[in-house]
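Step one of this worksheet: look at the structure below.
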Amino acid sequence: MNVRSTLSSALMLSALIAVSVLPAAAQEFGAGAMDRGTRIPYQGGEAIFKGVCQGCHMPDAKGIVGAGAYPALAHNPRLETAGYAIAVVVNGQKAMPALGSMMTDQQIADVVNYIRSNFNNSYKDKVAPADVKSARP
Amino acid sequence: MGKQRNQPVSRRSLLTMIGTVAGSTAMYNAMTQLGLAQESGYAGAPRLGATRPGTSVLILGAGIAGMVAALELRDAGYQVQLLEYNDRPGGRNWTLYGGDTYTELGSAPQHIQFSEGQYFNPGPWRIPYHHYGILHYANRLKVPLEPMNLLNFNAYLHHTDAFDGKPRRYREVQADFHGHVAELLSKCTRQNALDQAVSREDREMLLEALRGWGALDADYRYVKGAISSERRGPLLDGGGGLAPRPVCSEPDPLEPLLRAKLWRTIGWGQDYEYQTPLFQAKGGMGQIGKAFGAALGNLIHYNAKVIDIRQDAASVTASYVDSRKGGAPRTMRADWCVCTIPASILSQIPMNVSGKMRAAIDQLPYTANLKTGLQFRRRFWEQDDRIYGGVSYTNQPNAMIIYPMSDYFSEGRGILVGAYVRGETALAGSARTPDERIEHALAYGAKIHPQYRQEFECGASVAWHRVPWALGCSAQWSEEGRQTHYDNLCALDGRIILAGEHVSRLGTWQEGAVTSATDAIIRLHQRVMSA
Numbered sequence: 001m002n003v004r005s006t007l008s009s010a011l012m013l014s015a016l017i018a019v020s021v022l023p024a025a026a027q028e029f030g031a032g033a034m035d036r037g038t039r040i041p042y043q044g045g046e047a048i049f050k051g052v053c054q055g056c057h058m059p060d061a062k063g064i065v066g067a068g069a070y071p072a073l074a075h076n077p078r079l080e081t082a083g084y085a086i087a088v089v090v091n092g093q094k095a096m097p098a099l100g101s102m103m104t105d106q107q108i109a110d111v112v113n114y115i116r117s118n119f120n121n122s123y124k125d126k127v128a129p130a131d132v133k134s135a136r137p
Numbered sequence: 138m139g140k141q142r143n144q145p146v147s148r149r150s151l152l153t154m155i156g157t158v159a160g161s162t163a164m165y166n167a168m169t170q171l172g173l174a175q176e177s178g179y180a181g182a183p184r185l186g187a188t189r190p191g192t193s194v195l196i197l198g199a200g201i202a203g204m205v206a207a208l209e210l211r212d213a214g215y216q217v218q219l220l221e222y223n224d225r226p227g228g229r230n231w232t233l234y235g236g237d238t239y240t241e242l243g244s245a246p247q248h249i250q251f252s253e254g255q256y257f258n259p260g261p262w263r264i265p266y267h268h269y270g271i272l273h274y275a276n277r278l279k280v281p282l283e284p285m286n287l288l289n290f291n292a293y294l295h296h297t298d299a300f301d302g303k304p305r306r307y308r309e310v311q312a313d314f315h316g317h318v319a320e321l322l323s324k325c326t327r328q329n330a331l332d333q334a335v336s337r338e339d340r341e342m343l344l345e346a347l348r349g350w351g352a353l354d355a356d357y358r359y360v361k362g363a364i365s366s367e368r369r370g371p372l373l374d375g376g377g378g379l380a381p382r383p384v385c386s387e388p389d390p391l392e393p394l395l396r397a398k399l400w401r402t403i404g405w406g407q408d409y410e411y412q413t414p415l416f417q418a419k420g421g422m423g424q425i426g427k428a429f430g431a432a433l434g435n436l437i438h439y440n441a442k443v444i445d446i447r448q449d450a451a452s453v454t455a456s457y458v459d460s461r462k463g464g465a466p467r468t469m470r471a472d473w474c475v476c477t478i479p480a481s482i483l484s485q486i487p488m489n490v491s492g493k494m495r496a497a498i499d500q501l502p503y504t505a506n507l508k509t510g511l512q513f514r515r516r517f518w519e520q521d522d523r524i525y526g527g528v529s530y531t532n533q534p535n536a537m538i539i540y541p542m543s544d545y546f547s548e549g550r551g552i553l554v555g556a557y558v559r560g561e562t563a564l565a566g567s568a569r570t571p572d573e574r575i576e577h578a579l580a581y582g583a584k585i586h587p588q589y590r591q592e593f594e595c596g597a598s599v600a601w602h603r604v605p606w607a608l609g610c611s612a613q614w615s616e617e618g619r620q621t622h623y624d625n626l627c628a629l630d631g632r633i634i635l636a637g638e639h640v641s642r643l644g645t646w647q648e649g650a651v652t653s654a655t656d657a658i659i660r661l662h663q664r665v666m667s668a
């Protein structure tokens, strides 16, 4: 511990009586009180797809329908524009959560490349981490 | 976290943790001034008075918001009809019992095997005492409530990097953390480091307070002894007659508590929304939804999947199909519409509202929260670990173990919530099958309760992104989103008004749904009466 009497008196007192800086989300929910990372731990396009994306888009990437729907990624002409796929992953859209803050540029590039070259998609152009970087808000 | 292990604790993090742990009252006062921790703002059930005869309202969704709106509008003389996707009332107010079947998107059906009297709340499970709105309706509908001891001093705090992965009791962590911090602060005080902030006279008072608060000895030390054991619990309790003498317990050092951030969790139960007493519906939270449903009877049309919402100058028409079989669309028409369909789904339903409201609906992401319920043959957490209700916390991916908070000391079975997770952990969990999630909850839980494998009987798991009629747990507003879109989401748009937890500042909570519906129908009624 580096904490000795070097701490200024005002700071110490304010610590005792002061305002906490808990993030608002923790207060709304409470389940995340233990310190867990906020990053998606998987590396590589396939691992990220299987670890996260398939939960909603399904393991065959064909999507699924309930009261609303999760769209198919398989054979999806919208994926022709790589920037579209990057933007949706980074910013979210409708039922899709924004994953930009949970994934590195490399992770997002990897999973976009994986989806665009699998599941009956065969787009040849690859995205690079720099493309993701420039798409971030 | 690992990378922080050998770094000294920064001043900022010390301040943060002290603020969290020590400053709960002050924190609450400050937050109230900032408007962050207000009471629900529920001013009682709306007194609408009588409406114009014959005025009709179509309500989409028979969750808490929709049914609050329906009950109050009906009582005011409106002709009310509800369309509901499920075959039951309640929406996310929902309890699973033995005999139920639940089918997630893309998973095999879960045939729930829980025993008679056992239940699992996938969604809401607790009601703070200051959520006056949902409490009002539980009382009005005569749903029995019982107190929850959410904060249990004998529950476990567990971190894989602290104390060789052995759990500590909440009371031990709290006492040790308070004790060490009080000792440090008293040292500063006695070295006159606080002279600018504390007068000479107040200094003695502060020292006395620190000694009491931290369970310090006469020399302001937090050490093994009767005083600290009185707070953290002894190694061996005293007993009658010739029973052995009580044995004091050894406090843990500060460093592992700090590094594993176990202090964060002891602050959690101090937050306004989790301060005891909280309440639960006897027999499962879903009892509230059921009671609403019974009160509304055949006003609710079940198994109706809304596919289109259209308004014109005189009315609103919803098109819907059978949610189980599909088939030809049918329509229902009314003068006005209260739409409580979650934005995750409403964003996919054509509806002619303003571009601003549409943008507000489309931008709202939903959380992926996930819960797994586990039924055990016996209540070993009570019989072996002496944990009666409350929550244990872990840094493992199951995050929480929630003990049943009723039927204490009963001899038969019991259900734990073996995992309650959010964020990226919930996203990852959602990508697994329910069986895999149950196995995960068992594997991680067994590190804290080794009895798990021996006593486990059956389980159920709900990942909210895969719930067909919700596509997410609750709206995840950002600060920017609120500023740009919140008022637009709340606006009465022609003849349509939205309600639900997503249209509230008490997001996720049932109270958000109640207060949102209350506000919406008051404004709708004013519009009707002023026309």
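If you read the sequences in order, they're chains A and B. The opening residue of the first sequence carries number 1 in the numbering used here; numbering runs sequentially from there. The opening residue of the second sequence carries number 138 in the numbering used here; numbering runs sequentially from there. Note that the Cβ used here is the ideal one computed from N, Cα and C, for glycine as well.
Next on the checklist: Rounded to whole angstroms, what is the Cα-Cα separation between L171 of chain B and P265 of chain B?
Outcome noted: A caution first: L171 of chain B carries a pLDDT of 40, below 50, which makes its placement in the model unreliable, though a value can still be read off. In a straight line, the C-alpha of L171 of chain B is about 20 Å away from that of P265 of chain B.
Checklist entry - So, does the CB of W606 of chain B fall closer than 9 Å to a CB anywhere in chain A? => result yes
Checklist entry - If F517 of chain B sits next to H586 of chain B, beta carbons under 8 Å apart, how far is it from one beta carbon to the other, in whole angstroms? => result With a beta-carbon spacing of about 7 Å, F517 of chain B and H586 of chain B fall inside the 8 Å limit used to define contacts.
Checklist entry - Helix or strand or just coil, what does DSSP make of D630 of chain B? => result strand
Checklist entry - Nearest-angstrom Cα distance between S193 of chain B and S452 of chain B? => result 9 Å
Item to check | Contact check, I271 of chain B vs I478 of chain B, beta carbons under 9 Å | outcome: no
Checklist entry - Does the count of Cβ pairs from the segment 509–527 of chain B and the segment 84–101 of chain A closer than 8 Å reach three? => result No: the two stretches stay apart, fewer than three of their Cβ pairs being nearer than 8 Å.
Checklist entry - Do F251 of chain B and Q613 of chain B come within 9 Å of each other at the CB atom, strictly closer than that value? => result no
Item to check | chain B residues whose Cβ lies nearer than 7 Å to that of T38 of chain A | outcome: G560, E561
Checklist entry - In terms of residues, what are the limits of the alpha helix (DSSP H) holding K442 of chain B? => result Not the alpha helix (DSSP H): K442 of chain B falls in the beta strand (DSSP E), residues 441–448.
Checklist entry - Cα-Cα, which of B:A312, B:E338, B:L629 is closest to Q663 of chain B? => result For Q663 of chain B, the nearest C-alpha among the options comes from B:L629.
Checklist entry - In or out: Q591 of chain B buried (at least 16 other Cβ within 10 Å) or exposed? => result exposed
Next on the checklist: Tell me the residue span of the alpha helix (DSSP H) that contains G316 of chain B.
Outcome noted: 307–327
Item to check | Interface residues of chain B facing Q54 of chain A [CB-CB closer than 7 Å] | outcome: A568
Item to check | As assigned by DSSP and simplified to three states, the class of P226 of chain B | outcome: coil
Checklist entry - Hey, quick one: how far does the alpha helix (DSSP H) through M542 of chain B stretch, first residue to last? => result Segment: none, M542 of chain B is in no alpha helix (DSSP H) and carries neither H nor E.
Checklist entry - Does the beta-carbon distance from V651 of chain B to H268 of chain B come in below 9 Å? => result yes
Checklist entry - Between which two residues does the beta strand (DSSP E) carrying T645 of chain B extend? => result Looking at the DSSP string, T645 of chain B is not in any beta strand (DSSP E), and its letter there is neither H nor E.
Item to check | Cross-chain neighbours of Q620 of chain B in chain A, by beta carbon under 8 Å | outcome: Near Q620 of chain B there are no residues of chain A at all, since even the closest Cβ is about 14 Å away, more than 8 Å.
Item to check | Whether G370 of chain B touches R327 of chain B by CB criterion (9 Å) | outcome: no
Checklist entry - Which runs of the alpha helix (DSSP H), 4 residues or longer, sit entirely within the segment 428–502 of chain B? => result 480–483, 492–499
Item to check | Contact set between the segment 532–565 of chain B and chain A, restricted to residues whose Cβ is under 7 Å from the partner | outcome: N532, A536, M537, Y557, V558, R559, G560, E561, T562, L564, A565
Item to check | Extent of the continuous beta strand (DSSP E) run through P284 of chain B | outcome: 282–285
Next on the checklist: Determine whether the beta carbon atoms of V360 of chain B and L372 of chain B lie at a separation below 9 Å.
Outcome noted: no
Next on the checklist: In the DSSP assignment, the beta strand (DSSP E) including V217 of chain B goes from what residue to what residue?
Outcome noted: 216–220
Next on the checklist: Measuring only the C-alpha atoms, how far is A431 of chain B from Y581 of chain B?
Outcome noted: Inter-residue distance for A431 of chain B and Y581 of chain B is about 40 Å (C-alpha atoms, whole angstroms).
Checklist entry - By a C-beta neighbour count over all protein chains shown, 10 Å radius and 16 as the cutoff for buried, is M666 of chain B buried or exposed? => result Note on M666 of chain B: under 16 other CB atoms within 10 angstroms of its CB, so exposed under the neighbour-count rule.
Checklist entry - Counting Cβ pairs, one atom from each stretch, are 3 or more of them under 8 Å apart for the segment 543–561 of chain B and the segment 301–319 of chain B? => result no
Item to check | Residues within the segment 481–499 of chain B neighbouring chain A, beta-carbon criterion of under 9 Å | outcome: S481, I482, L483, S484, Q485, I486, I498, D499
Checklist entry - Which residues in the same chain as N118 of chain A place their Cβ atom closer than 6 Å to its Cβ, once the five residues preceding and following it in sequence are excluded? => result none
Checklist entry - Since M96 of chain A sits in a beta bridge, which residues does DSSP pair it with? => result A:Q93
Checklist entry - Helix or strand or just coil, what does DSSP make of E594 of chain B? => result Residue state for E594 of chain B is assigned as strand, using DSSP reduced to three classes.
Checklist entry - Since G510 of chain B is in the alpha helix (DSSP H), which residue starts that stretch and which ends it? => result Note, G510 of chain B: premise wrong, no alpha helix (DSSP H); beta strand (DSSP E) at 507–513.
Checklist entry - Under a three-way DSSP split, which group does F290 of chain B fall into? => result coil
Checklist entry - Going by Cα to Cα distance, which pick from B:A654, B:E221, B:P390, B:Q417 is closest to C627 of chain B? => result B:A654
Checklist entry - Among the residues of its own chain, which have a CB less than 6 Å from the CB of I364 of chain B, if the five just before and after it don't count? => result Around I364 of chain B: A352, D354.
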